[in-house]
Structure formats: C-alpha cells, structure tokens
Amino acid sequence: MAPKKGGSSGSSGSGSGASVSCNYCTETLLLRGYNWRDGRTDALFAIGIIVMVTLIGCLVLATRFRWIRQKGTDKLRHFGYFLATISTFIFYLFRVIDIGLGESGTETTYLYFLTYIFTYLFQQLSELLILGIILRTLCESTSARGVQKMNGFHIAVIILLTLLSAAAYGMYIAQIAYTLIDGSLYDDALYYNTGHVQLSYQALYFVVSIYAGLLGLFLAAKERTKVCNSRLDCRSLLTWL
Numbered sequence: 006m007a008p009k010k011g012g013s014s015g016s017s018g019s020g021s022g023a024s025v026s027c028n029y030c031t032e033t034l035l036l037r038g039y040n041w042r043d044g045r046t047d048a049l050f051a052i053g054i055i056v057m058v059t060l061i062g063c064l065v066l067a068t069r070f071r072w073i074r075q076k077g078t079d080k081l082r083h084f085g086y087f088l089a090t091i092s093t094f095i096f097y098l099f100r101v102i103d104i105g106l107g108e109s110g111t112e113t114t115y116l117y118f119l120t121y122i123f124t125y126l127f128q129q130l131s132e133l134l135i136l137g138i139i140l141r142t143l144c145e146s147t148s149a150r151g152v153q154k155m156n157g158f159h160i161a162v163i164i165l166l167t168l169l170s171a172a173a174y175g176m177y178i179a180q181i182a183y184t185l186i187d188g189s190l191y192d193d194a195l196y197y198n199t200g201h202v203q204l205s206y207q208a209l210y211f212v213v214s215i216y217a218g219l220l221g222l223f224l225a226a227k228e229r230t231k232v233c234n235s236r237l238d239c240r241s242l243l244t245w246l
C-alpha cells in the first residue's frame with residue numbers, strides 16, 4: 006500500500022534548515038473520500054467488516070472445538086495460524102478505519118501517515134505466515150514419497166520472500182519519513198526503487214502460491230488414489246474369503 010489517499014490543506018511546512026526535522030508532522034491533512042457515494046469504496050468497507058467477523062469466527066472455532074484442538078498436534082503451525090489470523094484482522098481493521106475516516110472527510114495531521122506503516126506491516130506479516138503454514142502443511146503429507154524432503158526448499162523460499170518483504174518495508178518507512186520531512190507524497194527515486202522491490206516480492210509470491218496450489222492438488226489426488234486402492238484391496242480380500 007502507499008500513502009496516496011488524501012491531500013494537504015493549510016499553510017506550507019515551516020523550517021528549511023539543513024538539519025533533519027519533522028517539518029510537516031503538524032501540518033493539516035484532509036482525508037478525501039466520496040462521502041459514501043462510491044459503490045466500490047462502500048463495497049470494500051463492507052467486505053472488510055465481513056472479513057473481520059469471519060476471522061473472529063475462525064479464532065473461536067480453533068480454540069473452542071475439541072476435535073480441532075485434538076487434531077492440532079503441530080504447535081508451531083498452530084501458533085503461526087493464530088498469528089496470521091490476528092495480523093490479518095488488524096490489517097483489515099486499519100483498512101476499515103482508513104476508509105471510514107476518508108469517506109467522512111476527516112481532517113487530521115501528516116502524522117496520520119504513520120498508520121500506513123503498521124497497516125503495511127500486518128499485511129506483509131499475514132501473507133508470509135499464511136504461505137508458510139500452507140507449505141508446512143503440504144510437507145507433512147504422506148500421500149507421496151519425497152514431499153518431506155522439500156521442507157528445506159520451502160524454508161529457503163520463505164526466507165527469500167521475507168528478505169524481499171523486509172527490504173520493501175524499510176524503503177516504505179523511508180518514503181513515509183520523506184513525506185513527514187519534505188511534505189511531498191513521493192520521492193521519485195525512492196518511489197520507483199520501492200516499486201521494483203515490491204514487484205519482485207509479489208511476482209515471487211505469486212509463483213510460490215501457484216506452486217503450492219498445484220502441489221496441493223497433486224497430493225490430494227495421490228491421497229484419493231491411495232484411499233481407493235485400499236478399498237479395492239479390502240474388497241478383493243472379502244471376495245477371496
């Protein structure tokens with residue numbers, strides 16, 4: 006995400022010395038929206054509310070129902086699941102609040118841009134955790150031989166994605182700092198470099214997601230074949246008896 010929503014109103018920032026200071030921290034910022042008249046924005050707001058309620062239901066489901074707790078023998082994966090769910094919930098909470106303030110035409114200061122740092126953080130954290138949990142779950146499958154040996158490859162992929170995400174996040178923080186100091190929403194060089202790193206992360210994430218989906222379908226098919234063969238063996242045994 007990028008701090009592109011909103012525009013400033015009021016006087017220009019004070020102070021033009023060589024020392025680095027938060028010249029625009031107290032400048033007035035008007036969050037501009039459509040006053041709840043844009044169907045797309047209203048739909049995003051409603052979807053955010055629905056997703057948050059669904060995530061709360063997922064947490065209740067995982068903690069209250071005994072049969073799910075008994076199946077969850079992998080504590081690391083369960084911890085990742087909880088952390089991913091909470092991170093996703095906080096991300097959508099920030100998004101819903103941001104949309105609500107924008108559609109209401111709220112007037113605030115440039116310090117509001119700091120909220121985008123936390124929104125971006127929880128978005129990246131939830132994405133990495135969800136993908137990591139999926140890959141870890143696939144590695145525990147007994148449907149095909151050699152799947153468990155791919156765990157090292159999956160860890161390397163997650164580490165690479167984490168490094169790209171951390172680089173993009175650091176550059177994003179620098180962009181927010183530039184906005185608070187200079188008052189401009191974007192520094193051209195920093196903006197394009199950040200875009201390149203984010204594009205690399207998103208491209209790799211997309212490829213790994215497709216790979217995980219195909220691997221999941223393959224393992225599901227192998228599991229179904231394994232079950233069918235077991236049933237056929239049982240039927241053959243009963244027929245012979």
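Numbering-wise, the numbering used here comes out as the position in the sequence shown, counting from 1, plus 5. Ideal Cβ positions, reconstructed from N, Cα and C, are used throughout, including at glycine. Note that the structure is predicted; figures quoted are calculated from it, not measured.
Extent of the continuous alpha helix (DSSP H) to which residue i belongs
i, result
"Thr-184", "156 to 187"
Option nearest residue i by Cα separation, candidates the options
i, options, result
"Thr-111", "Arg-141, Ser-214, Ile-186, Asn-40", "Asn-40"
"Ala-217", "Leu-106, Thr-184, Ser-170, Ile-163", "Ile-163"
"Val-202", "Leu-36, Ile-160, Ala-171, Ser-109", "Ala-171"
"Gly-138", "Ile-160, Ile-55, Leu-66", "Checking the sequence shown, residue 138 turns out to be Ile, not Gly. If we check each option's Cα against that of Ile-138, Ile-160 comes out closest."
"Gln-180", "Val-152, Ile-122, Gln-207, Gly-38", "Ile-122"
"Tyr-86", "Thr-142, Leu-49, Met-57, Ile-102", "Thr-142"
"Leu-53", "Ser-26, Arg-37, Ile-102", "For the sequence presented, residue 53 should be read as Gly rather than Leu. Ranking Ser-26, Arg-37, Ile-102 by Cα distance to Gly-53 puts Ile-102 first."
"Thr-114", "Ile-215, Tyr-191, Leu-185", "Leu-185"
"Leu-169", "Leu-140, Ser-205, Gly-188", "Ser-205"
"Ile-104", "Asn-156, Cys-144, Gly-44, Ile-61", "Gly-44"
"Leu-140", "Asp-192, Phe-96, Asp-187, Leu-81", "Leu-81"
"Gln-128", "Leu-88, Gly-38, Thr-31", "Leu-88"
"Leu-220", "Asp-47, Ala-182, Gln-153", "Gln-153"
"Phe-99", "His-83, Thr-230, Tyr-117", "Tyr-117"
"Leu-165", "Leu-222, Leu-209, Ser-146", "Leu-209"
"Phe-158", "Tyr-29, Ala-225, Val-213", "Val-213"
"Cys-27", "Leu-224, Ala-182, Ala-48, Ile-61", "Ala-182"
"Ala-48", "Cys-144, Glu-108, Leu-130", "Glu-108"
"Glu-32", "Gly-188, Leu-106, Ala-225", "Gly-188"
Short CB-CB distance (under 7 angstroms) between residue i and chain B
i, result
"Ala-161", "Absent from the structure: chain B. Only one protein chain is present."
Task: Stretch-stretch touch, CB-based, cutoff 8 angstroms, three pairs: the segment 164 to 180 with the segment 192 to 201 - done: Flag = yes, the segment 164 to 180 and the segment 192 to 201 touch.
Task: Secondary structure, beta strand (DSSP E): runs of 3+ residues fully inside the segment 56 to 127 - done: Segments of the beta strand (DSSP E) lying fully in the segment 56 to 127: 112 to 114.
- [ ] For the segment 87 to 95 and the segment 130 to 141, state whether three or more C-beta atom pairs, one from each stretch, are separated by less than 8 angstroms.
- [x] As far as the Cβ criterion goes, the segment 87 to 95 touches the segment 130 to 141, which means the pair count is three or higher.
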